[in-house]
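In my numbering, the protein residues as written are 1 to 109.
Here is the structure:
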């Protein structure tokens, strides 16, 4: 329970919340951009960004950006790990977000 208490303390602190929000904005923009960069490299038959790197952006908080980038750029939309994996990671992130917000006093549902 100490870990949960620590997480709740961090997410309840307005300063930390702003830092987390800024991080999530940046990682999602980066995830969106990296999908576009890899798409352009694929078109030009250049060195590609490894798939594990694309998934890393998603796993570390950029799931919305990488998923949106997939469909905006039309990249990796036929590869099963991306078709299933990216929405799954996004769903997990959304679920965790709503659970944490529900557990903090200011955002009780």
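Ideal placement from N, C-alpha and C gives every residue a C-beta, glycine not left out.
Item	Value
Between the Cα of residue 26 and the Cα atoms of 11, 58 and 10, which residue gives the shortest distance?	58
Whole alpha helix (DSSP H) runs in the region 58-92 with 4 or more residues, listed along the chain?	63-73
How is residue 14 classed by DSSP in three states: helix, strand or coil?	helix
Are the Cβ atoms of residue 72 and residue 31 separated by less than 9 Å?	no
Please return the same chain residues whose Cβ sits closer than 7 Å to the Cβ of residue 16, not counting the five positions on each side in sequence.	10
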